Every structure is written in C-alpha cells, then in structure tokens.
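What follows is a set of notes on a single structure, which appears directly below.
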Amino acid sequence: MKNAVAARSDFLVVMGIAGTGKTEIASRLAEALACQWIEADRLHSAENVERMRQGIGLTDEQRWPWLAAICDAALAEPGRPVVIACSALRRRYRDFMRDRLGPVRFLFLEGSAALIEQRLGARKSHFATTSLLASQLATLEPPTDEENPVRLDIALTPAEIVAQTVAVLRAE
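Numbering-wise (this note's numbering), the sequence shown opens with residue 23 and increments by one.
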C-alpha cells in the first residue's frame with residue numbers, strides 16, 4: 023500500500039480551515055501509511071501564533087515564510103510519502119507547495135460552519151479559536167476539481183475519514 027501511494031504522490035497535504043481536524047487526520051493517516059507527518063502549526067513564527075491567538079488572521083506576507091518552512095521540512099524527510107497537516111487555504115498557497123514539492127495530493131477536510139465552530143469552541147490551549155473562524159472562512163478558496171482533491175466530510179469519525187482516504191489512494 024505504501025509504495026502504491028508513494029508512486030502517485032510523494033506529499034499528502036491534509037488541508038482545511040482551523041477546527042476541521044487536520045492534525046488528528048494527518049497523524050492517523052501517517053500511521054496507516056507507515057510514514058512521517060509534519061504538523062505545520064509547529065512551524066509558525068511566534069509573531070504569527072500571537073496574532074492568531076488574538077483572533078487576527080494572517081496576511082499573505084505572513085504566510086509565505088511559513089509555507090516555505092513547511093516545504094523545507096517536508097523535503098528534508100528521507101522517506102515518502104510524507105503527510106502534512108496544513109491549512110493551504112488559498113489556491114496560490116497550494117500552487118506554491120506544488121512548485122516547491124512536486125506532486126502533491128490535497129486531502130480537503132470540509133464541513134459545516136456550525137460543526138467547525140463547535141469544535142473550535144471545545145479546544146483547549148490552542149491558538150486557533152472561534153475568533154478566527156470568520157477570517158478562515160473568508161480566506162478559504164476550496165480546491166477545485168481541476169486540483170483533483172480528495173474531499174473528506176468532517177462529520178465522519180476520524181477512523182472513517184482515514185479509511186476513506188486510504189481507499190481512495192489505494193484505488194488510484
């Protein structure tokens with residue numbers, strides 16, 4: 023299974039707005055594929071984290087160095103595939119990642135704003151809270167069919183989402 027996925031795409035980006043479960047799904051998917059994963063939130067600058075903690079969304083200028091750091095970390099991983107938990111909210115961010123990483127498959131976690139707000143409200147000790155929801159929704163440019171994303175419904179359990187993802191990747 024791992025080799026079949028690696029042959030199709032070296033990098034799998036679990037994407038979506040804050041509160042969709044990127045970290046949970048990316049870690050579980052990496053375990054299912056027996057590969058490494060990267061939590062992009064750990065690569066934010068202290069200034070970016072503080073800004074988001076205050077409920078202020080990031081600008082493109084603040085995101086570019088972060089996206090570059092994510093790509094550098096992914097390229098430094100010796101094995102493939104590498105799973106990356108990263109919002110990748112705009113098409114230009116995803117294009118940047120494709121330009122830097124080569125073949126990337128985006129796994130788009132999507133769900134209702136009400137469910138996401140509920141999840142954000144339940145978070146403890148994370149900088150992204152409900153105060154960022156409006157900014158995240160305004161920034162989001164969902165991947166188009168042309169980008170060939172795997173669309174994943176966050177109303178499913180994490181185990182169901184991972185099983186669905188593995189099934190799609192295996193079928194390819």
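Where a beta carbon is used, it is the ideal one built from N, C-alpha and C, also for glycine. All values derive from a computational prediction rather than experimental measurement.
Expressed to the nearest angstrom, what Euclidean distance is found between the alpha-carbon atoms of E69 and A91? Spanning the alpha carbons of E69 and A91 requires a straight line of approximately 15 Å.
Which one or two residues does DSSP pair with L89 in a beta bridge? According to DSSP, L89 bridges with nothing at all.
Going by DSSP, which residues form a beta bridge with F118? None; F118 has no bridge partner.
Just the C-alpha distance for E163 and R173, rounded to the nearest angstrom, thanks. Here the alpha carbons of R173 and E163 stand approximately 14 Å from one another.
Could you please give the first and the last residue of the uninterrupted beta strand (DSSP E) stretch that includes Q186? Where Q186 is concerned, there is no enclosing beta strand (DSSP E), although the alpha helix (DSSP H) it sits in stretches over P180 to A193.
A107 (DSSP reduced to helix, strand or coil): strand
Would you kindly report the start and end of the unbroken alpha helix (DSSP H) that includes A55? The sequence given here places Leu at residue 55; Ala does not occur at that position. K44 to L55 is the span of the alpha helix (DSSP H), which, as asked, contains L55.
Per DSSP, which residues does M37 bridge with? Please list them. F130
Report the rounded CA-to-CA distance for R141 versus T42, giving the unit in angstroms. C-alpha of R141 to C-alpha of T42: approximately 8 Å in a straight line.
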